[in-house]
Amino acid sequence: MITRRAVAVWCLFAVLAVGNGMLRVSVVTPRLGDQAAHVIATALLCAVIAALTWLLLPWLALQSGRDAWVLGTTWLSMTVAFEFLAGHFLFGHDWDRLLADYNLARGRVWVLVLITTLLAPVWAYRTRRR
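In my numbering, the protein residues as written are -19 to 110.
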């Protein structure tokens, strides 16, 4: 079920996520601080992922709700792999820094991006079928 189109959309997400991170670090963090910038960037990326999934769903041509779950699971797996492998090996972040964004007790809400990535295809598929 997972096609080149699905991978292409995920690649678009990855590019937008990197751009979102660059905007957060260079513009938002200096003005509002790290925590506020983290929350704003997370919310923005979640909105972009949801909106683009909804807009591009017809092009992705999912055939069933199961396909939507497979797509979400695949995108989630690709996102986590990219975050940790590229984050560590390409961008040079240590593992503790990469894991820090998962600490909800410290106000790190990155997990919302992962939840959105997983559920956006299911939500888009269900809302477009109505």
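Virtual Cβ for every residue (Gly too), placed ideally from N, Cα, C.
Spatial neighbours of A(-6) in its own chain (CB-CB distance under 7 Å, excluding positions within 5 residues in sequence) are listed in chain order as F62.
Residue range 75 to 80 is occupied by the alpha helix (DSSP H) that includes D76.
At least 8 Å separates the beta-carbon of L70 from that of T97. Taking a C-beta distance under 8 Å as the contact criterion, T53 and L94 do not qualify as a contact pair.
Per DSSP, reduced to three states, the secondary structure at F69 is helical.
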